[in-house]
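Structure record follows, encoded as structure tokens.
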Amino acid sequence: MAIHLYNTLTRQKELFKPIEEGKVRMYVCGPTVYNYIHIGNARPPIVFDVVRRYFEYRGYEVNYVSNFTDVDDKIIKAANELGETAPEIANKFIAAYHEDVKALGVMEATCHPRVTENIQEIIDFVSALIEKGYAYEAEGDVYFKTREFEGYGKLSHQSVDELRSGARIEVGEKKQNPLDFALWKAAKPGEPYWESPWGPGRPGWHIECSAMAQKYLGDTIDIHAGGRDLAFPHHENEVAQSEALTGKTFANYWLHNGYININNEKMSKSLGNFVLVHDMIKNQDPEVIRFFMLSVHYRNPINFSDELLESAKTGLERIKATFENLHHRLANSADLSEDIDSWKETLANYKKRFITEMDDDFNTANAISILFELTKEANLYLQEPNSSKEILELFIQTFEEIASVLGLDLMEEKELLDGEIEQLIEERNEARKSRNFARADEIRDLLKEKNIILEDTPQGVRWKRK
RNA sequence: GGCGGCAUAGCCAAGUGGUAAGGCACGGGUCUGCAAAACCCUUAUCCCCCGGUUCGAAUCCGGGUGCCGCCUCCA
Numbered sequence: 078m079a080i081h082l083y084n085t086l087t088r089q090k091e092l093f094k095p096i097e098e099g100k101v102r103m104y105v106c107g108p109t110v111y112n113y114i115h116i117g118n119a120r121p122p123i124v125f126d127v128v129r130r131y132f133e134y135r136g137y138e139v140n141y142v143s144n145f146t147d148v149d150d151k152i153i154k155a156a157n158e159l160g161e162t163a164p165e166i167a168n169k170f171i172a173a174y175h176e177d178v179k180a181l182g183v184m185e186a187t188c189h190p191r192v193t194e195n196i197q198e199i200i201d202f203v204s205a206l207i208e209k210g211y212a213y214e215a216e217g218d219v220y221f222k223t224r225e226f227e228g229y230g231k232l233s234h235q236s237v238d239e240l241r242s243g244a245r246i247e248v249g250e251k252k253q254n255p256l257d258f259a260l261w262k263a264a265k266p267g268e269p270y271w272e273s274p275w276g277p278g279r280p281g282w283h284i285e286c287s288a289m290a291q292k293y294l295g296d297t298i299d300i301h302a303g304g305r306d307l308a309f310p311h312h313e314n315e316v317a318q319s320e321a322l323t324g325k326t327f328a329n330y331w332l333h334n335g336y337i338n339i340n341n342e343k344m345s346k347s348l349g350n351f352v353l354v355h356d357m358i359k360n361q362d363p364e365v366i367r368f369f370m371l372s373v374h375y376r377n378p379i380n381f382s383d384e385l386l387e388s389a390k391t392g393l394e395r396i397k398a399t400f401e402n403l404h405h406r407l408a409n410s411a412d413l414s415e416d417i418d419s420w421k422e423t424l425a426n427y428k429k430r431f432i433t434e435m436d437d438d439f440n441t442a443n444a445i446s447i448l449f450e451l452t453k454e455a456n457l458y459l460q461e462p463n464s465s466k467e468i469l470e471l472f473i474q475t476f477e478e479i480a481s482v483l484g485l486d487l488m489e490e491k492e493l494l495d496g497e498i499e500q501l502i503e504e505r506n507e508a509r510k511s512r513n514f515a516r517a518d519e520i521r522d523l524l525k526e527k528n529i530i531l532e533d534t535p536q537g538v539r540w541k542r543k
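Read in order, the letters of the first sequence are residues 78 to 543 in our numbering.
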């Protein structure tokens with residue numbers, strides 16, 4: 078078996094073949110930093126983080142590049158509204174992005190390039206396109222000549238004629254053709270700008286990704302990913318720019334994730350039906366959000382609601398409880414000479430199935446169902462009166478291996494209990510021994526009010542926070 | 001108008017030719033001093049509807065209905 082992934086370009090699942098043996102060059106479109114990200118914006122970082130982790134798990138070295146669009150109309154607008162400069166706004170929300178995404182368990186990208194740090198590369202890119210006859214200047218703007226690029230529409234599977242009928246030229250635009258798009262925008266008074274051969278201005282939206290992908294990953298990359306809504310026009314335009322310039326394939330595989338929906342409708346900033354990650358994680362364990370997102374295949378839409386999140390939370394807690402129980406039992410385990418080999422085989426099978434599912438276009442939904450089956454298997458084992466240290470460790474290791482690819486940390490950090498509570502637990506133990514159950518229950522209720530849940534097991538009392 | 005996606009139990013969700021994974025919720029039981037947790041059992045003769053292909057279809061083909069998305073900034 079090997080990794081297969083669904084390629085938007087060909088509309089089918091394909092065997093992954095890297096450009097360079099053992100390496101993956103991956104570019105994921107990052108946010109325009111004019112606001113906190115919402116839950117929908119969080120889906121690409123999460124699902125493609127898993128894609129990256131899985132490639133690494135399978136022995137690939139992944140060069141994962143994700144950009145920040147830190148100059149743009151919306152940033153300028155936000156800056157004006159808030160009375161701050163555009164760079165201040167951008168820096169603020171870049172920091173917020175890192176914070177949010179870290180809470181969601183997303184690994185740092187290999188590289189996080191910013192548009193404003195790559196202006197020269199962009200200018201060079203645009204100049205080269207003009208030289209090659211793929212772009213033209215018009216009063217300080219530069220536009221890409223869509224009809225010069227033969228494959229235009231091949232990624233989003235739109236015919237140029239159809240697109241043309243839907244496109245329109247806004248009043249005052251200087252495009253020769255409605256489908257042409259801006260590579261460089263002349264600065265209006267008061268806007269941030271950089272000097273260029275066409276006068277002061279700033280990059281258009283699409284050119285930055287082409288220029289930065291090329292700079293950090295080369296002319297041809299393995300995987301280019303982003304939200305479904307970026308396929309057109311953003312990614313289509315990237316293909317046009319990059320391939321027009323280099324004459325080479327820009328990206329071998331295009332991955333697009335489905336949307337997060339609210340009441341069956343796309344969550345988006347323009348519809349106003351969004352929930353910010355920043356706000357949500359104040360009341361909700363971010364890991365639950367991650368787990369919930371991974372419980373659906375990345376290409377399918379996810380309907381988002383508190384109820385669904387709650388049910389995901391219950392499920393995740395069950396897995397975690399079992400994982401903790403395994404650790405708890407380790408302290409009371411013996412070196413039993415049981416049939417280790419058959420257990421090794423059983424657990425190796427879980428891993429094998431996990432790999433099979435993930436190889437099939439990163440089916441995290443099925444990967445999670447395997448984690449649930451493993452949980453059941455472990456619970457069954459834990460019911461036996463005696464447990465072998467070696468087998469417990471095998472279980473733990475299997476859990477950890479699968480969870481780490483999904484980016485889940487099953488081990489809860491437990492702050493130590495304060496002395497008073499420990500005292501109460503001890504007192505309750507004594508009460509139970511002397512069959513003073515009234516007092517024992519009283520203490521259990523008391524602790525429950527402090528959000529400490531007690532569980533009596535054959536191996537002694539165990540506590541957890543609610 | 002063009003292109004595309006989806007429709008599976010009360011809810012969520014895998015499954016793209018071989019006879020319905022997994023989770024949440026519900027009910028019954030085991031364990032427990034009682035709980036909690038866990039485990040066991042039960043829950044879709046059937047996968048939106050109609051027709052076709054096939055020994056065999058939720059899965060393929062044709063038609064229909066409903067919902068959603070892209071074609072414009074958007075993850």
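Glycine included, C-beta positions come from ideal geometry on N, C-alpha and C.
Handout entry: Top-ranked residue by Cα proximity to K466, from M344, A411, F132 and K252
Key = Of the listed residues, the one whose Cα sits closest to K466 is A411.
Practice task
Run through the stretch 225-276 for me and flag every whole beta strand (DSSP E) of 3 or more residues, listed as ranges in chain order.
Solution key: Runs of the beta strand (DSSP E) spanning 3 or more residues and lying entirely within the stretch 225-276 occur at 258-263, in chain order.
Problem - D126, DSSP secondary structure in three states - result: The answer is helix: DSSP assigns D126 an H, G or I state.
Handout entry: Chain-order list of residues whose beta-carbon lies under 6 Å from that of L407 (same chain, five-residue window excluded)
Key = The residues are L469.
Problem - Host beta strand (DSSP E) of E161 (start-end) - result: In the DSSP annotation of this structure, E161 is not part of any beta strand (DSSP E), being labelled neither H nor E.
Problem - Beta-carbon separation (whole angstroms), Y134 vs L353, contact threshold 8 Å - result: Not really, about 31 Å apart at Cβ, beyond 8 Å.
Handout entry: Cβ separation of G228 and S236, assumed to be a contact under 8 Å, to the nearest whole Å
Key = With a Cβ gap of about 12 Å, G228 and S236 do not count as contacting.
Practice task
Measure the beta-carbon distance from L451 to F476 and round it to whole angstroms, keeping in mind my assumption that it falls under 8 Å.
Solution key: About 7 Å separates the beta carbon of L451 from that of F476, a gap short enough to meet the 8 Å contact definition.
Problem - Strand pairing of W544, partner residues [DSSP] - result: No answer is possible for residue 544: the residues shown for the chain start at 78 and end at 543.
Exercise for the section: Note down, in chain order, each residue of its chain lying with its Cβ closer than 6 Å to the Cβ of H312, except the 5 sequence neighbours on either side. Expected result: L232, listed in sequence order.
Problem - Cβ-based neighbour list, N84, same chain, cut-off 7 Å, excluding 5 preceding and 5 following - result: Around N84: E91, Y330 and W331.
Handout entry: Residue burial classification, A79 (beta-carbon count within 10 angstroms, cutoff 16)
Key = A79 counts as exposed, since fewer than 16 other beta carbons sit within 10 angstroms of its beta carbon.
Practice task
Select from K453, E519 and S345 the residue whose C-alpha is nearest the C-alpha of N402.
Solution key: Taking the Cα of N402 as reference, the smallest distance to any Cα among K453, E519 and S345 is reached at K453.
Exercise for the section: Go through its chain and collect everything with a Cβ distance to G545's Cβ below 6 Å, but skip five positions before and after it. Expected result: Examination of residue 545 is not possible in this model, given that the chain is present from 78 through 543 alone.
Problem - the stretch 366-375 / the stretch 439-451 touching (three or more Cβ pairs under 8 Å) - result: Contact between the stretch 366-375 and the stretch 439-451 is present, because at least three Cβ pairs lie under 8 Å.
Handout entry: Pairwise C-alpha distance: L471 and K525
Key = Each residue's alpha carbon lies about 33 Å from the other.
Problem - C-alpha gap between F309 and V316, whole angstroms - result: Their backbone Cα atoms lie some 11 Å apart in a straight line.
Exercise for the section: Please say whether D299 and P95 have beta carbons closer to each other than 8 Å? Expected result: Yes. Within cutoff.
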